[in-house]
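> Quick one: the structure is below, questions incoming.
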Amino acid sequence: MNSDWRAPKWPMIFVWITLLSSISMTAFGQEKELRVTFISNEGFHLESNGKAVLIDALYKKSHPDFTFPSDDQLHAMIEGEPPFARVDFYLQSHVHYTHFYPATVGNFLNRHPETNMIALPQVVDSLVKLSSHYEGVKRQLMLFDWEKKRMNFDHNDVHIEAFKIKHDGQQQWGWVQNLGHVIDIGGFRVLHMGDLLIDEQVLNTMNLKHREIDLVILPYWVVLRSGAEKIKDLINAKKYIVSHYPIARGDQFISSVRAGMPEAIILNDPMQQLVLPAKE
Numbered sequence: 001m002n003s004d005w006r007a008p009k010w011p012m013i014f015v016w017i018t019l020l021s022s023i024s025m026t027a028f029g030q031e032k033e034l035r036v037t038f039i040s041n042e043g044f045h046l047e048s049n050g051k052a053v054l055i056d057a058l059y060k061k062s063h064p065d066f067t068f069p070s071d072d073q074l075h076a077m078i079e080g081e082p083p084f085a086r087v088d089f090y091l092q093s094h095v096h097y098t099h100f101y102p103a104t105v106g107n108f109l110n111r112h113p114e115t116n117m118i119a120l121p122q123v124v125d126s127l128v129k130l131s132s133h134y135e136g137v138k139r140q141l142m143l144f145d146w147e148k149k150r151m152n153f154d155h156n157d158v159h160i161e162a163f164k165i166k167h168d169g170q171q172q173w174g175w176v177q178n179l180g181h182v183i184d185i186g187g188f189r190v191l192h193m194g195d196l197l198i199d200e201q202v203l204n205t206m207n208l209k210h211r212e213i214d215l216v217i218l219p220y221w222v223v224l225r226s227g228a229e230k231i232k233d234l235i236n237a238k239k240y241i242v243s244h245y246p247i248a249r250g251d252q253f254i255s256s257v258r259a260g261m262p263e264a265i266i267l268n269d270p271m272q273q274l275v276l277p278a279k280e
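In the numbering used here, the protein residues as written are 1 to 280.
Structure representation (C-alpha cells):
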C-alpha cells in the first residue's frame, strides 16, 4: 500500500518543476527585453533587466513647433508611476527648452534620489539659477568636463559613454553644448546624440561603426537627402528610430524620412513603445 501511495508524487513534482522552469524562463526573457518608450520630441525611456534610463524627457511646452510631454506624462515621471518607478540615469543632451526645463528636472531628481544625472556645465548653470532643488540634488549630478572629448560613467550596472558632438545649425546654435550618449543597459547598446550635426571625425573617433549598436535615436534632419546613407555608414546600427518632427509638417517629414531610410522606426505617439527581444 505504501508503494501505491508514493507513486503519484514524482510525476506531480516533475510537472511542478517543469511549470516553474517555464514561468522562470518566460519572466527572464521578458526582463531581458529592451523596452523603448517614446515621451515626446527626442525624449525616451529605456528599460531592460530592471534598469532604466530617461533622456531629454523633462520639459514643458515652450515652442509651438514641437511636441512636449503632457501634464499626465510629467506627473507620471515625477511621481514614479509605471514605467517610471525607478530611473537609474537621467541624461540631458543639451539645454534647449524643447528638451530641458531646469525646474522640472530639479523636481524630478528631488523625487528620485536613486537617479544620477550626467550634467553639462550649461545644465548645471541652469539648475543653479532656475531650480529651487539644486542644493538638495547636486550630489546626484555626475559632471561632464567640457575640456574633455568624452567621459565614462557607471551607476547601478548601467554604463554611459558621453561624448561631445556639435549641435546642428552652428551659425545660430554654436554656443550650445551638445552631448551624445552610448548607453549600455541590460545587454543592449543604444545611441542618442541630441540635435547633432553630423561630424564624421567625431563619429569615426568614437568607432561607432564597429561597436554593435543595437538602436540609434536620431533627429529627422540627419537622414534627409543623402544623410541616411552617411549615417548608416558611420554608425551601422541594427535599428534606427527617427524623431524630433515638427508639429505642422510632421507627416511631410515622416514621408521624406521613409523615402530616404525605409527601415526607419517612427515613434510619434506619446507612450508608444518599441520592444527589442532578449538576446540569446
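Glycine included, each C-beta is placed from N, C-alpha and C at the ideal position.
Just the Cα atoms here: how many angstroms apart are alanine 278 and valine 124?
36 Å
> Here's a check: name, in chain order, each residue in its chain whose Cβ is nearer than 8 Å to the Cβ of glutamate 92, leaving out the five neighbours to either side.
Sequence inspection shows glutamine at residue 92; the glutamate mentioned does not correspond to that position. Hits under 8 Å: Ile55, Asp56, His99, Phe100, Val105, Met117, Ile118, Ala119, Leu120, Val123 and Leu179.
> Which residue's Cα is closest to the Cα of aspartate 154: Gly80, Arg35, Ile183 and Ile165?
Ile183
> Got a sec? Which residues, its chain only, sit under 6 Å from lysine 149 by beta carbon, not counting five neighbours each side?
Lys164
> For the alpha helix (DSSP H) holding threonine 104, just list the boundary residues, first then last.
102-111
> Which one of Arg86, Gly43, Val223 and His244 has the shortest CA to CA distance from asparagine 49?
Among Arg86, Gly43, Val223 and His244, the Cα nearest to that of asparagine 49 is on Arg86.
> Excluding five sequence neighbours on each side, which residues of the same chain lie with their C-beta closer than 8 Å to the C-beta of isoleucine 265?
Result list for isoleucine 265: Lys239, Tyr240, Ile241, Val242 and Leu274, in chain order.
> Hey, valine 53 and valine 158 are a contact pair by Cβ (cut 8 Å); roughly how many whole angstroms apart?
6 Å
> For the beta strand (DSSP E) that lysine 51 lies in, which residues bound it at each end?
51-55
> How about the stretch 219-238 and the stretch 65-78: do they share at least three Cβ pairs that are nearer than 8 Å?
no
> List the endpoints of the continuous beta strand (DSSP E) containing tyrosine 97.
Here tyrosine 97 belongs to no beta strand (DSSP E), and DSSP marks it neither H nor E.
> From the DSSP output, which residues share a beta bridge with isoleucine 217?
His192 and Ile241
> What is the DSSP secondary structure of threonine 205, counted as helix, strand or coil?
helix
> Round the Cβ separation of histidine 94 and histidine 167 to the nearest angstrom and send it over; I've been treating them as touching at under 8 Å.
6 Å
> Alpha carbon to alpha carbon, how far is histidine 112 from glutamine 140? Give it in angstroms, no decimals.
10 Å
> Quick one: grab the DSSP three-state call for tyrosine 59.
Reduced to three states, the DSSP call for tyrosine 59 is coil.
> Comparing C-alpha positions only, which one of Leu203, Pro64 and Phe84 sits nearest to threonine 37?
Phe84
> Measuring straight from C-alpha to C-alpha, what distance separates asparagine 96 and serine 131?
Note on residue identity: the sequence assigns histidine, not asparagine, to residue 96. Rounded to the nearest angstrom, the two C-alpha atoms are 16 Å apart.
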